[in-house]
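Sequence lines, in order, name chains A and B. Position in the first sequence (from 1) plus 230 gives the number in this note's numbering. Position in the second sequence (from 1) plus 230 gives the number in this note's numbering. Glycine included, every Cβ here is placed at the ideal spot set by N, Cα and C.
Protein chains: 2
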Amino acid sequence: MRIDIKECARILSEKDDILILTHSHPDGDTLGCGFALCRALLKMGKFCTVINEAEIPKKYSFLYDDIAPVRFKPAYVVAVDVATENLLGDLEGKYHIDMCIDHHGTNTEYADVLLLEDVPAACQTMYYVIKELGAEFDDRMASALYTGLSTDTGCFRYASTTANTYRVAAELIELGAENGKINRLMFETKTKTYALLERLALESMAFYDNDRIAVITVTQEMYNQTGSSELETDALAPLTRMVEGVEIGAVIKEKPDGTCKASIRTFESVNAAELARAFGGGGHPQASACRFDCGIEEARRRFVEKGSEFLSKVE
Amino acid sequence: MRIDIKECARILSEKDDILILTHSHPDGDTLGCGFALCRALLKMGKFCTVINEAEIPKKYSFLYDDIAPVRFKPAYVVAVDVATENLLGDLEGKYHIDMCIDHHGTNTEYADVLLLEDVPAACQTMYYVIKELGAEFDDRMASALYTGLSTDTGCFRYASTTANTYRVAAELIELGAENGKINRLMFETKTKTYALLERLALESMAFYDNDRIAVITVTQEMYNQTGSSELETDALAPLTRMVEGVEIGAVIKEKPDGTCKASIRTFESVNAAELARAFGGGGHPQASACRFDCGIEEARRRFVEKGSEFLSKVE
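This is how it looks when you write it as structure tokens:
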């Protein structure tokens with residue numbers, strides 16, 4: 231059942247022992263949402279915690295490093311920024327999901343109640359949910375929400391960013407969000423291992439269909455060679471789309487079991503979510519993801535073939 | 231004499247035949263300011279034009295490609311986003327400068343009247359000047375101002391970006407600024423020649439003083455090899471500062487006459503404007519520029535020496 235912000239806040243204010251689930255390979259938006267909501271609920275005197283299927287990358291530690299762990303038997307489960315249940319990874323099927331707060335048009339409505347808004351970051355919706363809850367904002371909550379806004383819009387760069395996104399960012403800065411520090415951490419800091427991986431990734435970039443498709447491939451060998459890992463690959467996908475003339479970009483990453491995962495980026499001409507759906511994935515109109523049950527070369531072949539099919543419809 | 235926004239608008243509304251000067255090696259802020267003000271004054275029925283010492287880079291053509299050239303004898307001259315007279319390049323000394331609208335703390339007060347605000351982009355001040363003038367905004371004016379806001383803040387990324395910067399951006403988007411298109415053009419489009427230059431530049435990057443200083447050197451030979459030019463070097467300076475641990479970054483560019491120009495970037499620990507001033511340059515606390523009357527190797531030696539001196543004071 232679809233609910234609005236008012237109803238969402240009303241339900242949350244009545245619940246306790248709330249478990250918040252974030253999506254696998256977590257990003258700034260799912261974590262920002264999760265920890266901002268968790269802080270709001272803790273302030274209201276409730277038990278609440280945020281979990282992920284795996285360890286959260288170190289660069290997000292500022293979101294939670296002051297929160298003491300609480301143990302409780304979950305009485306209410308909320309998934310944030312999670313479009314489909316299988317994006318929960320190893321947490322899939324472990325909990326009945328009572329509520330979902332999301333911004334993906336591809337959301338499969340798996341939760342009992344769904345708050346879904348067409349906004350560039352789930353944190354934009356969460357800002358209004360917390361306001362409606364009446365919880366007092368502090369700088370940590372503001373920073374958490376700002377992190378999601380900023381990371382899901384490529385630092386307010388993407389075309390999906392609306393006037394209201396900027397306005398919420400302004401309010402969060404006034405509430406104490408450390409915008410300069412967060413953006414430096416999210417966008418301006420390359421670890422040495424990532425810098426090495428990026429160089430190899432750029433060398434692997436290949437062009438197809440009159441340079442309208444660009445594909446970066448990242449192998450397990452490349453992680454071994456650089457000391458990097460899949461956790462550091464978020465920034466690679468946007469690089470494909472930056473070269474003049476490219477309409478579809480993808481990073482295809484080899485998993486330890488030899489299968490692959492692709493991050494897709496497009497411009498207005500091609501719907502990235504539809505392209506990902508052709509391989510059982512999903513996402514946004516210009517940023518999506520999918521998996522391949524084959525090796526990296528075969529995955530690239532299939533992806534380029536399907537990409538060309540989409541491009542042929544553009545003309 | 232210092233003036234405020236009200237006084238600035240009052241003076242402009244009384245003048246006609248207004249010539250607007252932009253700084254050499256023009257960027258989005260000086261051009262955005264210039265063309266937004268020009269459009270406002272044209273709408274008010276005045277004669278007005280914007281000039282630069284050289285040809286304006288093609289990527290900014292959307293700022294002015296619909297403005298018909300007007301000829302007139304300038305009766306009032308306004309410099310926008312120009313901290314010192316010598317930043318006018320070949321236009322220096324050609325006009326008496328009646329007014330300056332700027333945001334550089336290093337402004338030398340060379341104009342008869344100066345509107346100087348401590349804001350991250352001169353376009354932020356210009357937005358309020360145009361509002362005060364009472365000129366009706368159109369989407370072209372909004373796009374011009376948004377371009378300056380976005381480019382001078384690294385797309386709202388730098389720590390200097392305030393809540394008010396975001397708020398002005400929100401208002402400009404509502405007034406028709408094409409934020410997605412502008413950011414794509416300014417930040418997400420690499421020409422093939424730039425992509426080649428960037429690769430050579432990254433190869434040239436060298437580290438000093440326990441990796442706290444990073445210097446990229448760009449030679450005339452590199453322009454020849456890639457088909458690129460100094461006009462495409464704006465995006466190189468931020469790359470130096472991105473590697474973990476770097477506190478001072480610089481791009482030293484060789485000029486055709488063998489002398490050099492440096493773009494400097496720092497983090498909070500070092501004042502980039504002061505560092506540039508040691509070589510007769512200037513700018514902002516975290517982004518500045520200066521010239522060297524020597525070859526590129528000697529310039530790098532002098533820069534690293536001075537940079538180390540600044541870093542030794544940090545500890």
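Annotated three-state conformation of E283 (chain B) is coil, per DSSP. Around the beta carbon of F540 (chain A), 16 or more other beta carbons lie within 10 angstroms, which makes this residue buried. In this structure the stretch 515-525 of chain B touches the stretch 492-507 of chain B; the number of beta carbon pairs closer than 8 Å is three or more.
Inclusion of C263 (chain A) and M371 (chain A) in the CB contact set at 8 Å is not warranted, their separation being larger than that value. Close to E474 (chain A), with beta-carbon spacing below 8 Å, are these residues of chain B in chain order: T419, K420, T421, K422. Look at the stretch 376-389 of chain A: the residues with a C-beta under 7 Å from a C-beta of chain B are C385, F386, R387, Y388, A389. The DSSP-derived three-state label of I494 (chain B) is strand. The Cβ atoms of V307 (chain B) and L251 (chain B) sit closer than 8 Å to each other.
With a threshold of 16 other beta carbon atoms within 10 Å, F302 (chain A) falls short and is exposed. N409 (chain A) is classed as buried because its beta carbon has at least 16 other beta carbons within 10 Å across all chains shown. Setting aside the 5 residues that flank it on each side, P350 (chain A) is surrounded in the same chain by H333, L379, D382, T383, Y388, S390, T391, T392, T395, each with a C-beta closer than 8 Å to its C-beta; the list follows chain order. Neighbours of R471 (chain A) in chain B, taken as residues whose beta carbon is under 8 Å from its own, are E418 in chain order. The beta-carbon of T456 (chain B) is placed no less than 8 Å from the nearest beta-carbon of chain A. With fewer than 16 other beta carbons inside 10 angstroms of its own, H326 (chain A) counts as exposed. For the C-beta of N413 (chain B), the chain A residues within less than 7 Å are, from N- to C-terminus, R387. Secondary structure note for S434 (chain B): its alpha helix (DSSP H) is the uninterrupted segment 422-434.
Annotation for G479 (chain A): no alpha helix (DSSP H) segment contains it, though the beta strand (DSSP E) segment containing it runs 478-484.
Note on geometry: alpha-carbon atoms of T421 (chain B) and R269 (chain B) lie some 29 Å from one another. Where Y376 (chain A) is concerned, the enclosing alpha helix (DSSP H) starts and stops at 369-382. Across the structure, F367 (chain B) and Q455 (chain A) are spaced so that their CA atoms are roughly 55 Å apart. The beta carbons of V445 (chain A) and A502 (chain A) sit no closer together than 8 Å.
Assignment of F522 (chain A) by DSSP, reduced to helix, strand and coil, places it in the strand class. Within chain A, the residues whose beta carbon sits less than 8 Å from that of E404 (chain B) are A393, listed in sequence order.
Think of a sphere of 7 Å around the beta carbon of N282 (chain B): no beta carbon from chain A falls inside it, the nearest being about 24 Å out. Within the same chain, and ignoring the five residues on either side of S499 (chain B) in sequence, the residues whose Cβ sits closer than 7 Å to its Cβ are E477, V544. Within the model, the alpha-carbon separation for L249 (chain A) versus D487 (chain A) is close to 31 Å.
A contact is defined here as three or more CB-CB pairs under 8 Å, and the stretch 277-284 of chain B fails this definition with respect to the stretch 397-408 of chain B.
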